[in-house]
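Visitor:
There are 2 protein chains.
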Amino acid sequence: MASKAENGRKNDPQRTQENILEVATEEFSTHGLAGGRVDAIAERTRTSKRMIYYYFGSKEGLYLAVLERSYRKIRTLEADLQLSNLEPEEALRVLISTTFDHDEAHPDFVRLVSIENIHHAAHMLRSEAIRDLNVSVIETIAGILERGVSQRVFTRQADPIDIHMMISAFCFFRVSNRYTFGSIFRRDLSEAATIERHRTMIADAVIGYLKA
Amino acid sequence: MASKAENGRKNDPQRTQENILEVATEEFSTHGLAGGRVDAIAERTRTSKRMIYYYFGSKEGLYLAVLERSYRKIRTLEADLQLSNLEPEEALRVLISTTFDHDEAHPDFVRLVSIENIHHAAHMLRSEAIRDLNVSVIETIAGILERGVSQRVFTRQADPIDIHMMISAFCFFRVSNRYTFGSIFRRDLSEAATIERHRTMIADAVIGYLKA
DNA sequence: CAAAATGTACGAACTGGTACGTATGTCAAT
DNA sequence: ATTGACATACGTACCAGTTCGTACATTTTG
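Just so you know, the sequences run in chain order D and Y. Sequential numbering of the first sequence, starting at 46, is according to this note's numbering. Sequential numbering of the second sequence, starting at 46, is according to this note's numbering.
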């Protein structure tokens with residue numbers, strides 16, 4: 046029979062949780078933790094507020110779940126980049142492009158991180174799942190830098206974490222500060238031409254720095 | 046006679062407003078607009094909640110006043126840098142150092158800007174005072190770049206706004222993402238040695254980029 | 001039937017905002 | 001100088017709407 050007509054309810058806990066998380070991600074990333082409304086989330090869900098508390102216990106619990114889910118989504122993307130068989134410079138360019146495109150494609154994630162910083166990363170600190178994450182990037186960068194130096198294509202001995210920060214800063218800022226920056230300089234950072242220019246710009250800058 | 050003993054109230058509107066703004070800056074920058082509590086602000090003020098509404102009309106009005114005040118404070122610092130009599134490269138280094146030190150010294154400001162971005166810069170857009178501001182930096186940078194190119198110390202033709210973004214991104218990110226970054230990589234970005242290293246790093250990167 | 005999943009309705013605390021009343025300062029006329 | 005009138009500056013108590021959270025009832029599923 047028709048499964049949704051005639052409020053024939055189907056229990057589908059996984060789908061329900063996922064649905065809640067999706068809506069909650071949107072809500073929290075546009076309004077922040079304090080600004081996000083549980084009722085607003087519930088309304089846009091195909092289920093009810095009762096379910097939010099049933100599965101996530103509290104508003105903060107939901108927020109934390111949203112945060113973890115967002116981070117977990119990146120891990121998959123970042124992990125399976127095969128950079129070790131590329132020349133150091135090329136490997137770095139690919140890594141930078143990937144970071145750049147990721148931030149550009151996931152403004153929700155960027156905003157959640159911004160929001161976490163406003164809260165002194167209090168929730169992230171409580172979550173072991175999140176902390177173990179991005180560390181792999183550092184190892185990747187460290188490997189590239191070492192190879193580059195020994196091949197004498199990079200002349201500068203740089204700290205991998207510093208390099209990661211330089212890349213992150215640029216890619217992240219473009220998205221996180223899109224609105225204030227756009228408002229001050231009347232520039233739309235999401236235009237295709239601008240995106241292209243910035244993508245090569247950050248790569249050139251980082252590689253130039255390592256070659257100086 | 047004693048002026049403050051025996052609740053001898055003195056009318057001092059300017060002081061009252063300034064006091065409110067100071068406390069409100071703290072509150073909003075640590076909790077966000079939605080998370081900031083008017084009652085909490087009132088309590089830490091030497092006056093009452095009534096006065097907040099008397100002078101600023103609403104919570105949003107107060108927030109906007111806080112934002113404008115923060116921006117106004119920078120204008121003074123930024124304006125009186127005499128860079129035109131310095132060599133292009135040196136001028137750029139001074140400008141970068143200034144930006145770097147400013148962000149490092151004013152985390153409140155950085156956080157307010159982050160918060161504004163969460164709100165799509167809605168309040169900034171409404172304030173003419175703020176928009177007219179940072180534009181002067183672009184002219185400064187443009188001048189430096191032109192001189193640098195004509196003196197052949199810079200080989201690359203770069204967009205001043207892009208250069209400004211590159212500088213801002215790095216300086217801003219260090220402060221805005223201090224907590225999540227620190228939480229993931231166990232690195233304290235406010236250590237003196239780290240600050241020193243980063244300050245020269247961003248300058249080297251930008252100048253290297255322009256010379257490439 | 002028992003356990004998990006879900007829906008409805010409601011409560012208690014918080015929070016932005018205000019009504020009402022009081023004190024302080026200013027200035028003109030005495 | 002004193003007085004009185006009026007505007008500005010300020011304090012207290014309170015209200016009404018919002019918002020997180022829950023008690024209770026019901027359905028689905030194994």
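Backbone N, C-alpha and C define an ideal beta-carbon position, used for all residues, glycine too.
Taking a cut of 8 Å between CB atoms, which residues from the stretch 231-243 of chain D lie near chain Y?
Guide: Taking 8 Å as the Cβ-Cβ cut-off against chain Y, the residues of the stretch 231-243 of chain D that qualify are R232, R242 and H243.
Visitor: Output the distance between the C-alpha atoms of L170(D) and I141(Y), rounded to the nearest integer angstrom.
Guide: Translated into positions along the first sequence, residue 170(D) becomes position 125. Translated into positions along the second sequence, residue 141(Y) becomes position 96. Straight-line Cα distance between these residues: approximately 32 Å.
Visitor: Between the Cα of D249(Y) and the Cα atoms of R244(D), M246(D), L255(D) and T245(D), which residue gives the shortest distance?
Guide: Along the second sequence, one-based indexing puts residue 249(Y) at 204. With distances taken between Cα atoms, D249(Y) lies closest to L255(D).
Visitor: Any beta carbon from chain Y within less than 7 Å of Y224(D)'s own beta carbon?
Guide: As a first step, residue 224(D) is located in the first sequence; it is residue number 179 there, counting from the start. By this cut-off, Y224(D) is an interface position.
Visitor: Just to make sure I have the definition right: I need the residues of chain D whose C-beta is within less than 8 Å of the C-beta of E161(Y). Which are they?
Guide: Mapped onto the second sequence, residue 161(Y) falls at position 116. Here the neighbours are Y224 and T225.
Visitor: With the cut-off set at 7 Å, would you say A167(Y) and A79(D) are in Cβ contact?
Guide: The count along the second sequence starts at 1 and reaches residue 167(Y) at position 122. The count along the first sequence starts at 1 and reaches residue 79(D) at position 34. Cβ distance not < 7 Å, so A167(Y) and A79(D) don't count as in contact.
Visitor: Using DSSP with H/G/I as helix, E/B as strand and the rest coil, what is E132(D)?
Guide: One-based indexing of the first sequence puts residue 132(D) at position 87. Reduced to three states, the DSSP call for E132(D) is coil.
Visitor: Looking at the structure shown, is K55(D) part of a helix, part of a strand, or coil, going by DSSP?
Guide: Counted from its first residue, the first sequence places residue 55(D) at position 10. Looking at K55(D) - three-state DSSP - the assignment turns out to be coil, as it is neither helix nor strand.
Visitor: So H165(Y) contacts chain D; which residues on that side make the cut at Cβ distance below 7 Å?
Guide: Taking the second sequence and counting its residues from 1, one reaches residue 165(Y) at position 120. Chain D residues near H165(Y): Y224.
Visitor: Can you tell me which of F226(D), H243(D) and A237(D) puts its alpha carbon nearest to the alpha carbon of N162(Y)?
Guide: As a working note, residue 162(Y) is residue 117 in the second sequence. Comparing Cα positions, the closest option is F226(D).
Visitor: For M211(D), which option in R244(Y), R114(Y), S93(Y) and T61(Y) has the closest C-alpha, if you only look at C-alpha atoms?
Guide: Against the first sequence, residue 211(D) aligns to sequence position 166. Nearest of R244(Y), R114(Y), S93(Y) and T61(Y) to M211(D), Cα basis: R244(Y).
Visitor: Compile a chain-ordered list of the residues in the stretch 140-156 of chain Y whose CB is closer than 9 Å to at least one CB of chain D.
Guide: Here the close residues are R156.
Visitor: Name the chain Y residues that come within less than 9 Å of S213(D), Cβ to Cβ?
Guide: Start at 1 with the first residue of the first sequence, and residue 213(D) comes out as number 168. Those are F218, N222 and F226, listed as they occur along chain Y.
Visitor: Quick one: Cα of L182(Y) to Cα of H209(Y), how far?
Guide: Start at 1 with the first residue of the second sequence, and residue 182(Y) comes out as number 137. Start at 1 with the first residue of the second sequence, and residue 209(Y) comes out as number 164. What sits at residue 182(Y) in the sequence shown is Val, not Leu. About 8 Å.
Visitor: For H168(D), which three-state DSSP category applies?
Guide: The count along the first sequence starts at 1 and reaches residue 168(D) at position 123. Three-state result, H168(D): helix.
Visitor: Quick check on S48(Y) - is its C-beta less than 7 Å from some C-beta in chain D?
Guide: Your numbering for residue 48(Y) matches position 3 in the second sequence. The predicted position of S48(Y) is uncertain, since its pLDDT is 32 and thus under 50; a value taken from the coordinates is nonetheless stated next. Not closer than 7 Å to any Cβ of chain D, the Cβ of S48(Y) fails to qualify, so no.
Visitor: Identify, in the order they occur along the chain, each residue of the same chain with its Cβ nearer than 6 Å to the Cβ of S74(D), setting aside the five sequence neighbours on each side.
Guide: Here the question's residue 74(D) lines up with position 29 in the first sequence. The answer, listed in chain order, is D153, R156 and L157.
Visitor: For L170(D), return the contacting residues in chain Y, with the cut-off set at a CB-CB distance below 9 Å.
Guide: Numbered from its first residue, the first sequence carries residue 170(D) at position 125. Those are Y224 and S228, listed as they occur along chain Y.
Visitor: For the alpha helix (DSSP H) that R231(Y) lies in, which residues bound it at each end?
Guide: Mapped onto the second sequence, residue 231(Y) falls at position 186. Here R231(Y) belongs to no alpha helix (DSSP H), and DSSP marks it neither H nor E.
Visitor: Taking buried to mean at least 16 other C-beta atoms within 10 Å of its own C-beta, is G102(D) buried or exposed?
Guide: Position 57 of the first sequence, counting from 1, holds the residue named residue 102(D). G102(D) should be labelled exposed.
Visitor: How would you write the range of the alpha helix (DSSP H) that T185(Y) sits in, first residue to last?
Guide: In the second sequence, the residue the question calls residue 185(Y) occupies position 140. V180 to S195 is the extent of the alpha helix (DSSP H) around T185(Y).
Visitor: If we cut at 7 Å on Cβ distances, does V68(D) have a partner in chain Y?
Guide: On the first sequence, position 23 is the one that residue 68(D) refers to. So no, V68(D) is outside the interface.
Visitor: Can you find the residues in the same chain that come closer than 8 Å, C-beta to C-beta, to S172(D), ignoring five residues on each side of it along the sequence?
Guide: Looking up residue 172(D) in the first sequence gives position 127. L109, L112 and E113.
Visitor: With distances taken from CA atoms, which of V251(Y), L122(Y), L137(Y) and N130(Y) is nearest H147(Y)?
Guide: Along the second sequence, read from residue 1 onward, the residue named residue 147(Y) stands at position 102. Residue L122(Y) is the option with its Cα nearest to H147(Y).
Visitor: Smallest Cα separation from R117(Y): which of R60(Y), Y98(Y) and R176(Y)?
Guide: In the second sequence, the residue the question calls residue 117(Y) occupies position 72. Of R60(Y), Y98(Y) and R176(Y), the residue nearest in Cα terms is R176(Y).
Visitor: Here's the rule: buried if 16 or more other CB atoms are within 10 angstroms of the residue's CB, otherwise exposed. What is S213(Y)?
Guide: The residue you call residue 213(Y) lines up with position 168 of the second sequence. Buried is the call here.
Visitor: Closer than 7 Å, CB to CB, is A87(Y) near chain D or not?
Guide: Along the second sequence, read from residue 1 onward, the residue named residue 87(Y) stands at position 42. A87(Y) does not count as touching chain D.
Visitor: Which residues in chain Y sit within 9 Å of I189(D), going by Cβ to Cβ distance?
Guide: To locate residue 189(D), count along the first sequence from 1; it is residue 144. Those within 9 Å of I189(D) in chain Y number zero; the least Cβ separation is about 17 Å.
Visitor: V158(Y) CB to nearest chain D CB: under 7 Å?
Guide: Numbered from its first residue, the second sequence carries residue 158(Y) at position 113. Yes, V158(Y) counts as interfacial toward chain D.
Visitor: For H243(D), does the three-state DSSP call read helix, strand or coil?
Guide: Here the question's residue 243(D) lines up with position 198 in the first sequence. Looking at H243(D) - three-state DSSP - the assignment turns out to be helix.
Visitor: Determine whether the Cβ of G193(Y) lies closer than 7 Å to any Cβ atom of chain D.
Guide: In the second sequence, residue 193(Y) corresponds to position 148, counting from 1. With 7 Å as the cut-off, G193(Y) does not count as an interface residue toward chain D.
Visitor: Given a threshold of 16 other Cβ atoms within 10 Å of its Cβ, counted over all protein chains shown, does V251(D) qualify as buried or as exposed?
Guide: On the first sequence, position 206 is the one that residue 251(D) refers to. So V251(D) counts as buried.
Visitor: Measuring straight from C-alpha to C-alpha, what distance separates A203(D) and I247(Y)?
Guide: The count along the first sequence starts at 1 and reaches residue 203(D) at position 158. The count along the second sequence starts at 1 and reaches residue 247(Y) at position 202. Computed Cα separation, rounded: 13 Å.
Visitor: Determine the closest residue to I240(Y) out of T185(Y), A150(Y) and E72(Y), with distance taken between C-alpha atoms.
Guide: Along the second sequence, one-based indexing puts residue 240(Y) at 195. Closest by alpha carbon: A150(Y).
Visitor: Could you give the distance in angstroms between the alpha-carbon of I86(Y) and the alpha-carbon of S115(Y)?
Guide: Counting from 1 along the second sequence, the entry for residue 86(Y) is found at position 41. Counting from 1 along the second sequence, the entry for residue 115(Y) is found at position 70. Cα-Cα distance, rounded: 17 Å.
Visitor: Buried or exposed, going by whether 16 or more other CB atoms sit within 10 Å of the CB of A237(D)?
Guide: Taking the first residue of the first sequence as 1, we reach residue 237(D) at position 192. A237(D) comes out exposed.
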